[in-house]
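>
Number of protein chains: 2
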Amino acid sequence: MTKIVNNTYKIELLRKQDTKNKNEKVKNMDDENTVFIGSKETMNYVMAVMEQFNRGSDEIVIKARGRAISKAVDVAEITKNRFLETSEITDIMTETEELEDEGGGTTNVSSIEITMKNNK
Amino acid sequence: MTKIVNNTYKIELLRKQDTKNKNEKVKNMDDENTVFIGSKETMNYVMAVMEQFNRGSDEIVIKARGRAISKAVDVAEITKNRFLETSEITDIMTETEELEDEGGGTTNVSSIEITMKNNK
């Protein structure tokens, strides 16, 4: 009886491991084509976008939250107007994300996702 | 001869006046459905959007430049999530505008136009 329980447990563990690996793979694939905008200079992110395109990605996503949203739009506009004229913005999505604040409550913050495509 | 010239002049004037009125009408119509985001509190602009919708507009445009872009996204997200759940964002466009600076040169600034629709 104990053995069976153990087996079930092992299978369960293996299944979890498998799911974990799959999720990580999905996450990594996603991250590779994504540029997250933070507090660095705008041009750093333009370079990051260019790097992704030069590595062969034909579609990248620029993501930002809160005040960095303006910078995300700058990054997309500068990339397409000054650096890569074959690129274009194909989609812009916004949403509201709930973040936990220090007091245990939640704060709402807007976020943006700008999809860019390079028409090689 | 002078009279004819005068008449032509008058007609020209009337035509200009007419065009001017038409342009003003177009401009006003456009402005009525547009909320420009500036340096006031976010909620002021949410109220302005709500006012436009309550006046019967079924489509409004939120416009912003530079750092106000993040606020424009906040205004749209707050309106649709907290105030008017029948409304939605139907289009988001960005572009680069050339502004003249004090020295007579030009500066590039990103701008955004968020179109919202109320599905009554």
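Chains Z and D, in that order, are what the protein sequence lines are. Using the numbering used here, you'd call the opening residue of the first sequence number 1 and step up by one each time. Using the numbering used here, you'd call the opening residue of the second sequence number 121 and step up by one each time. In this text, a Cβ means the ideal position worked out from N, Cα and C, and glycines have one as well.
In this structure, does DSSP put D/N201 in helix, strand or coil?
As a position in the second sequence, residue 201 of chain D is number 81, starting the count at 1. Of the three classes helix, strand and coil, the one that applies to D/N201 here is helix, per DSSP.
> Would you mind sorting Z/L84 into buried or exposed? The rule is 16 or more other CB atoms within 10 Å of its CB.
Translated into positions along the first sequence, residue 84 of chain Z becomes position 84. Buried, by the Cβ-count rule.
> Which chain Z residues sit within Cβ distance under 7 Å of D/V193?
Here residue 193 of chain D refers to the residue found at position 73 when the second sequence is read from its first residue. In chain order: I69, T94, S110, I112.
> Can you tell me which of D/T226, D/I182, D/V193 puts its alpha carbon nearest to the alpha carbon of Z/R67?
The count along the first sequence starts at 1 and reaches residue 67 of chain Z at position 67. Z/R67 has its Cα closest to that of D/V193, out of D/T226, D/I182, D/V193.
> Compute the beta-carbon to beta-carbon distance between D/S230 and Z/E77, rounded to the nearest angstrom, for a pair I have assumed lies under 8 Å.
If you number the second sequence from 1, residue 230 of chain D lands on position 110. If you number the first sequence from 1, residue 77 of chain Z lands on position 77. Indeed they touch by this definition, with Cβ atoms about 5 Å apart.
> Closer than 8 Å, CB to CB, is D/F209 near chain Z or not?
As a first step, residue 209 of chain D must be located in the second sequence, where it is residue number 89. Correcting the residue type first, residue 209 of chain D is Ile in the shown sequence and not Phe. Output row for D/I209: interface = yes.
> If you measure from the beta carbon of Z/A76 to each beta carbon in chain D, is any gap under 8 Å?
Here the question's residue 76 of chain Z lines up with position 76 in the first sequence. Yes, contact with chain D.
> Give the DSSP-derived three-state secondary structure of Z/D91 in the structure shown.
In the first sequence, the residue the question calls residue 91 of chain Z occupies position 91. Three-state result, Z/D91: strand.
> Could you tell me whether any Cβ in chain Z is nearer than 8 Å to the Cβ of D/N164?
Residue 164 of chain D sits at position 44 when you count from the first residue of the second sequence. No, its Cβ sits nowhere closer than 8 Å to a Cβ of chain Z.
> Can you find a CB in chain D that lies within less than 8 Å of the CB of Z/M29?
Taking the first sequence and counting its residues from 1, the one referred to as residue 29 of chain Z is at position 29. Reliability fails at Z/M29, whose pLDDT of 47 lies under 50, so the model's placement of it is uncertain and the value that follows must be treated cautiously. Judged by the 8 Å Cβ criterion, Z/M29 is not in contact with chain D.
> Three Cβ pairs or more, each shorter than 8 Å: is that satisfied between the segment 174-186 of chain D and the segment 221-240 of chain D?
Enough Cβ pairs lie closer than 8 Å, so yes.
> Is D/G224 buried or exposed, if buried means 16 or more other CB atoms sit within 10 Å of its CB?
What you label residue 224 of chain D is simply residue 104 of the second sequence in a count that begins at 1. Classification of D/G224: exposed, given that the 10 Å Cβ count is below 16.
> Determine the direct distance from the alpha carbon of D/G158 to that of D/K147, and round the result to whole angstroms.
Walking along the second sequence from the start, residue 147 of chain D turns up at place 27. Walking along the second sequence from the start, residue 158 of chain D turns up at place 38. Note that D/K147 scores a pLDDT of 45, beneath 50, so its modelled location is shaky; the value from the coordinates is reported in the next line. C-alpha separation (whole angstroms): 19 Å.
> Going by the DSSP bridge assignment, what does Z/S111 pair with across the sheet?
Position 111 of the first sequence, counted from the first residue, corresponds to residue 111 of chain Z. Beta-bridge pairing links Z/S111 to Z/R65, Z/E95.
> Would you say D/N153 reaches chain Z, if we count a Cβ-Cβ gap shorter than 8 Å as a contact?
Counting from one through the second sequence, the residue named residue 153 of chain D turns up at place 33. For D/N153, the answer is no, since every Cβ of chain Z falls outside 8 Å of its Cβ.
> From the DSSP secondary-structure annotation, give me the bridge partner or partners of D/K237.
As a first step, residue 237 of chain D is located in the second sequence; it is residue number 117 there, counting from the start. D/E179, D/E208.
> In angstroms, rounded to a whole number, what distance separates the CA positions of Z/N108 and Z/L99?
Reading the first sequence from its first residue, position 108 is the one you call residue 108 of chain Z. Reading the first sequence from its first residue, position 99 is the one you call residue 99 of chain Z. About 6 Å.
> Can a CB atom of chain D be found closer than 8 Å to the CB of Z/I60?
Position 60 of the first sequence, counted from the first residue, corresponds to residue 60 of chain Z. False, the Cβ-Cβ gap to chain D never drops below 8 Å.
> For chain Z, is any of its Cβ atoms less than 8 Å away from the one on D/N174?
Stepping through the second sequence from its first residue, residue 174 of chain D is reached at position 54. Not closer than 8 Å to any Cβ of chain Z, the Cβ of D/N174 fails to qualify, so no.
> D/N238: buried (16+ other C-beta within 10 angstroms of its C-beta) or exposed?
As a working note, residue 238 of chain D is residue 118 in the second sequence. Per the 10 Å Cβ criterion, buried.
> Rounded to whole angstroms, what's the CA-CA distance from D/T226 to D/S207? Just pull it up for me.
Translated into the one-based positions of the second sequence, residue 226 of chain D becomes position 106. Translated into the one-based positions of the second sequence, residue 207 of chain D becomes position 87. Roughly 38 Å separates the two Cα atoms.
> In the structure shown, what three-state DSSP assignment does Z/E41 receive?
In the first sequence, residue 41 of chain Z corresponds to position 41, counting from 1. It is coil, neither helix nor strand.
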